[in-house]
Amino acid sequence: MNDTPKNRRLIIAILAVVVGLFMIAAAPSLIQTSLERVITALVEVSTDKPAYASGILLFSYAFPLYRGFIFIGGIALLWLAYPIYQGKEWSFPAGLLSAAFPSAGGMFMFMPYVSFVDGFPLPMVISFVGLVFFWTFILLRKVDKWLKWGQFLALTFAGMLSTHAFIVGVGNLRTLLTRLDKPFYDGLGWWVLSWSQPIQWICVILLFIAIYQLAARKFSGWWLALISVTSLAAIDIPMQVIRLTMTDSTSWDYSYGLPVVIGLFFVLLFPKFKNALLGESA
165 MNDTPKNRRL
175 IIAILAVVVG
185 LFMIAAAPSL
195 IQTSLERVIT
205 ALVEVSTDKP
215 AYASGILLFS
225 YAFPLYRGFI
235 FIGGIALLWL
245 AYPIYQGKEW
255 SFPAGLLSAA
265 FPSAGGMFMF
275 MPYVSFVDGF
285 PLPMVISFVG
295 LVFFWTFILL
305 RKVDKWLKWG
315 QFLALTFAGM
325 LSTHAFIVGV
335 GNLRTLLTRL
345 DKPFYDGLGW
355 WVLSWSQPIQ
365 WICVILLFIA
375 IYQLAARKFS
385 GWWLALISVT
395 SLAAIDIPMQ
405 VIRLTMTDST
415 SWDYSYGLPV
425 VIGLFFVLLF
435 PKFKNALLGE
445 SA
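Note that the working numbering has the sequence shown beginning at 165, numbered continuously upward.
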């Protein structure tokens, strides 16, 4: 960070304050409004399709959970603004993790709009604001080009994959809660859903840790990202095949994350990017 010109550090610091205030003061009300719209839509849909009723419970917990992470991330950005301006290297991974919460959380909260809610998707504003800081912090730093673009790609892919995994985990649990034979599992299709669901959410946690550690150029971050992406590929690809061939499902939900999986594998394993990401830890 000390190599980054002072005027660039000032821009990032000011942006940290603006985005932090947004995450504290504006995002919570946007999330509450979005949650009420989603619940209203699901109440209407579930009258004809009872299987969607479980989504009301899950979103009622998931939206406030992400709101909590986003609020705390906003507090962190306010405290980080001065260390960023001073050029403290530790402020880089801390700032990126703080901005990852609105970036990934806003994208997750946007997804119900695709299926259930009409009108402008408010969570996209939250995601966009988080990404503005996330990407600006990476791109304005004065570092080697391989490191800059390696971090840009790896950290962006890790955030996108955490969003996809969280969405799939919610979808798995929503479906499991509405199975007719619960608490039993009637057939392979239900059994593998119960297998996939916790793996998705465990990988979300690992990916957020990996974002911080990768930004700090720690080998543990590279390792956690590799383990997470491998685990998701190992569960999602068989799940997609099983759901299409052995159940009545026609959904391709598990395959939507494959381009991101391939992208993250490439950045983590391509020697030029790997060496730049790890530095002395390589």
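Think of the CB as a built atom: it goes at the ideal place given N, C-alpha and C, for glycine as much as any other residue.
Ranked by Cα distance from Gly283, the first of Trp416, Leu396, Arg201 is Arg201. Contact annotation: Arg381 and Leu337 have beta-carbon atoms that are not nearer than 8 Å. Within the same chain, Cβ atoms closer than 8 Å to the Cβ of Ile220 are found at Ile203, Leu206, Val207, Ser210, the five residues on either side in sequence being excluded. A Cβ-Cβ distance of about 6 Å is found for the pair Val181 and Leu242, placing them in contact under the 8 Å criterion. In this structure the segment 365 to 379 touches the segment 253 to 268; the number of beta carbon pairs closer than 8 Å is three or more. Between the C-alpha atoms of Ser395 and Met324 there is a straight-line separation of about 15 Å. Between Leu286 and Leu194, the C-beta spacing is below 8 Å. Scanning Gly421, Ala177, Ala191, Pro214 for the CA closest to the CA of Phe330 turns up Gly421.
Considered as a whole, the segment 331 to 377 harbours no complete run of any beta strand (DSSP E) with no fewer than 3 residues. A contact is defined here as three or more CB-CB pairs under 8 Å, and the segment 247 to 255 meets this definition with respect to the segment 167 to 175.
Between Asp308 and Ala379, the alpha-carbon positions lie close to 14 Å from each other. A residue is called buried once 16 or more other Cβ atoms fall within 10 Å of its Cβ, and Ser415, having fewer, is exposed. Of Phe430, Cys367, Val431, the smallest CA-CA separation from Asp400 is found for Cys367.
Listed in chain order, the non-local C-beta contacts of Tyr277 below 6 Å within the same chain comprise Pro285, local neighbours out to five positions each way being set aside. Contact between the segment 288 to 306 and the segment 351 to 366 is absent: fewer than 3 CB-CB pairs across the two stretches fall below 8 Å.
Where Tyr277 is concerned, the enclosing alpha helix (DSSP H) starts and stops at 255 to 279.
The alpha helix (DSSP H) runs lying completely inside the segment 299 to 334 and spanning 4 residues or more number zero. According to the DSSP assignment, Lys170 belongs to the alpha helix (DSSP H) that extends over 170 to 185. For Ala240, same chain residues with a beta-carbon under 7 Å away, outside a window of 5 residues either side, are Ala258, Ser262 in chain order.
The C-alpha of Gly443 is placed about 23 Å away from the C-alpha of Val425. Phe321 is a Cβ neighbour of Val431, given a cutoff of 8 Å. Rounded to the nearest whole angstrom, the CA to CA distance from Gly385 to Leu185 is 29 Å.
A direct Cα-Cα distance of roughly 11 Å separates Asn171 from Ile178. With a cut-off of 8 Å on Cβ pairs, the segment 356 to 364 is not in contact with the segment 302 to 318, counting fewer than three such pairs. Closest by C-alpha distance to Phe434, out of Leu311, Gln404, Pro347, Leu388, is Leu311. The Cβ atoms of Leu341 and Ser218 sit closer than 8 Å to each other. Following the DSSP letters along the chain, one finds Ser198 inside the alpha helix (DSSP H) bounded by residues 191 to 212. Our two residues, Phe265 and Lys306, have alpha carbons roughly 25 Å apart in a direct line.
By the Cβ neighbour-count rule, Phe348 is exposed, with fewer than 16 other Cβ atoms within 10 Å of its own.
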